[in-house]
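Residue numbers (full-length UniProt numbering): 1 to 213.
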């Protein structure tokens with residue numbers, strides 16, 4: 001088994017050590033290099049040839065956003081999973097516009113992190129849904145029903161649904177994915193139809209229950 005090679009960049013030493021220790025418990029993943037800011041990222045990518053970059057946004061010298069810009073300029077096409085402490089819609093959207101393929105809060109479970117890593121290395125995306133009090137309350141208010149058969153969502157629709165789950169509007173999603181608001185509106189309508197629900201909140205809840213996102 002060839003392990004997934006990971007470059008880990010985070011300015012908090014404890015975070016890096018914790019993630020690295022957990023990842024090294026798995027035979028299918030390996031941290032091949034690490035850094036505490038974005039200064040040496042391009043050199044590390046060239047030298048270590050990682051399969052994925054786990055990248056913090058807020059770092060003291062070279063930020064995650066600057067790293068993404070450098071990757072674009074250098075033409076380095078490596079999947080980037082953003083790790084951040086806080087939900088900051090503007091920062092996350094900016095990183096997605098700059099080419100990041102995934103976003104996770106640092107307080108997620110290790111299983112979620114490894115699922116995201118696997119998804120990105122398979123050419124997919126991963127946007128961690130923000131389950132707020134409002135969504136949790138709505139979940140409890142829904143009556144349990146049998147799970148009906150639904151049409152399979154496309155990869156593009158899953159990507160849009162993850163952003164919907166993270167709380168972004170159609171216009172924000174359109175800007176992040178470089179699509180028109182009309183296209184996103186049509187995709188959201190298709191998602192609702194396929195999941196047989198009448199609104200975005202129920203689509204997210206159902207997708208979470210079915211482990212689609």
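Yeah, the Cβ is synthetic: ideal placement off N, Cα and C, and Gly gets one too. The structure displayed is predicted, hence computed values, not measured ones.
Enclosing alpha helix (DSSP H) for residue i [first to last residue]
i, result
"residue 125", "Here residue 125 belongs to no alpha helix (DSSP H), and DSSP marks it neither H nor E."
"residue 41", "41-48"
"residue 15", "13-23"
"residue 71", "64-74"
"residue 170", "170-177"
As assigned by DSSP and simplified to three states, the class of residue i
i, result
"residue 194", "helix"
"residue 157", "helix"
"residue 32", "strand"
"residue 199", "coil"
"residue 52", "strand"
"residue 182", "helix"
"residue 38", "helix"
"residue 213", "coil"
Delimiting residues of the beta strand (DSSP E) encompassing residue i
i, result
"residue 108", "Run containing residue 108: none; DSSP gives neither H nor E here."
"residue 5", "4-9"
"residue 81", "80-84"
The ligand FMN heavy atom lying under 7 Å from the CB of residue i
i, result
"residue 172", "The ligand FMN is absent from the structure shown, which contains no ligands of any kind."
Exposure of residue i, with buried meaning 16 or more beta-carbon neighbours within 10 Å
i, result
"residue 63", "buried"
"residue 262", "Missing from the structure shown is residue 262; the chain here goes from 1 to 213 and no further."
"residue 146", "With a pLDDT of only 45 at residue 146, under the threshold of 50, the placement of this residue in the model should not be trusted, and no figure is reported."
"residue 46", "exposed"
"residue 199", "exposed"
"residue 108", "exposed"
"residue 102", "buried"
"residue 2", "exposed"
"residue 176", "buried"
"residue 187", "buried"
"residue 56", "buried"
"residue 210", "exposed"
"residue 165", "buried"
"residue 60", "exposed"
"residue 72", "exposed"
"residue 85", "exposed"
"residue 14", "exposed"
"residue 122", "exposed"
"residue 172", "buried"
"residue 174", "buried"
"residue 65", "buried"
"residue 100", "buried"
Within-8 Å CB hit, residue i to chain D
i, result
"residue 37", "The structure shown has no chain D; it contains just one protein chain."
Per the contact definition of three or more C-beta pairs closer than 8 Å, is the segment 16-27 in contact with the segment 38-45? Taking a contact to require three or more Cβ pairs closer than 8 Å, the segment 38-45 and the segment 16-27 do not qualify as touching.
Below 8 Å, how does it come out for the segment 108-118 and the segment 173-189: are there three or more Cβ pairs, yes or no? Note that the segment 108-118 does not touch the segment 173-189; fewer than 3 beta-carbon pairs, one per stretch, sit closer than 8 Å.
Does the segment 148-164 come into contact with the segment 186-206, if we say contact requires no fewer than three beta-carbon pairs (one atom in each stretch) closer than 8 Å? As far as the Cβ criterion goes, the segment 148-164 touches the segment 186-206, which means the pair count is three or higher.
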